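**Q**
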């Protein structure tokens with residue numbers, strides 16, 4: 010992919026956006042770890058950081074859009090480039106919503122389930138690194154398409170792992186002696202965690218489609 014001045018400016022912004030999204034997701038992991046550990050004050054402080062990081066990522070996404078309107082990339086490519094950025098932004102949105110759900114609703118996580126929740130949260134948030142690598146590898150043109158696709162496939166593997174953890178944890182919850190309303194609340198919390206990985210998989214899948222179109 011040959012990059013000209015305007016395209017290079019867009020790539021720089023996209024890299025900043027990807028870094029901000031990664032920071033948002035990593036901070037969301039710290040937020041939820043603090044919550045599970047019972048440190049609500051720290052969790053609230055970190056959740057505010059997540060909100061700020063997501064807002065900053067949004068601002069950078071708007072800057073990318075403005076550069077594309079300004080003529081960066083060929084017209085047929087602009088939509089794909091922006092949709093890639095938008096799909097990455099949805100991962101940050103999911104991280105923010107997950108933290109907000111925990112801090113606003115204050116679910117009571119039984120001690121017996123805390124390790125399971127920590128595991129699925131940790132695996133889910135780990136998806137941001139291969140997704141970031143796949144996106145930047147492709148857009149910056151610094152590696153073969155196959156390398157970018159390899160990173161994208163790693164995203165899919167993590168999503169499958171999260172699905173498995175979701176299944177096991179849900180079964181464990183509904184096999185317990187908790188009140189049914191409590192079980193439902195915990196399941197909703199799991200869905201927020203899983204949504205992050207689902208959004209990442211969508212972004213990775215779209216990247217593969219864009220890469221395929223470029224090869225035609």
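In my numbering, the protein residues as written are 10 to 225. All C-beta atoms, glycine included, are put in the ideal place defined by N, C-alpha and C. From a predicted model like this one, the values you see are computed outputs, not experimental measurements.
(1) So, are the CB atoms of residue 24 and residue 145 less than 7 Å apart?
(2) Could you tell me if residue 201 is buried or exposed, where buried requires 16 or more neighbouring beta carbons within 10 angstroms of its beta carbon?
(3) Classify residue 197 as buried or exposed, calling it buried when 16 or more other Cβ atoms lie within 10 Å of its own Cβ.
(4) Anyone know if the C-beta pair for residue 135 and residue 211 falls short of 7 Å?
(5) Quick one: Cα of residue 153 to Cα of residue 147, how far?
(6) Residues in the same chain with beta-carbon distance under 7 Å from residue 213, minus the five sequence neighbours each way, listed in chain order, please.
(7) From the DSSP output, in three-state form, read off residue 184 for me.
(8) Are residue 44 and residue 111 closer than 7 Å when you measure CB to CB?
(9) Need the endpoints of the alpha helix (DSSP H) that residue 33 sits in, please.
(10) Keeping to the same chain, check which residues put their C-beta closer than 6 Å to that of residue 187; ignore five residues upstream and five downstream.
(11) Among the residues of its own chain, which have a CB less than 7 Å from the CB of residue 29, if the five just before and after it don't count?
(12) Below 8 Å on the Cβ atoms is my guess for residue 129 versus residue 178; work out the distance and round it to an integer in Å.
(13) At which residues does the alpha helix (DSSP H) containing residue 70 begin and terminate?
(14) Which of helix, strand or coil does DSSP assign to residue 165?
(15) Pull up the CB-CB distance for residue 132 and residue 167, whole angstroms please, since I reckon it's below 8 Å.
(16) Could you check how far apart the C-beta atoms of residue 151 and residue 73 are, in whole angstroms? I think they sit under 8 Å.
**A** Put simply:
(1) Contact flag set, yes.
(2) Classification for residue 201: buried.
(3) exposed
(4) no
(5) 8 Å
(6) 140, 143, 161, 164, 165
(7) Here residue 184 carries a coil assignment [DSSP, helix/strand/coil].
(8) yes
(9) 14–45
(10) none
(11) 62, 65, 66, 69
(12) 6 Å
(13) 49–78
(14) helix
(15) 6 Å
(16) 19 Å between Cβ atoms; not a contact.
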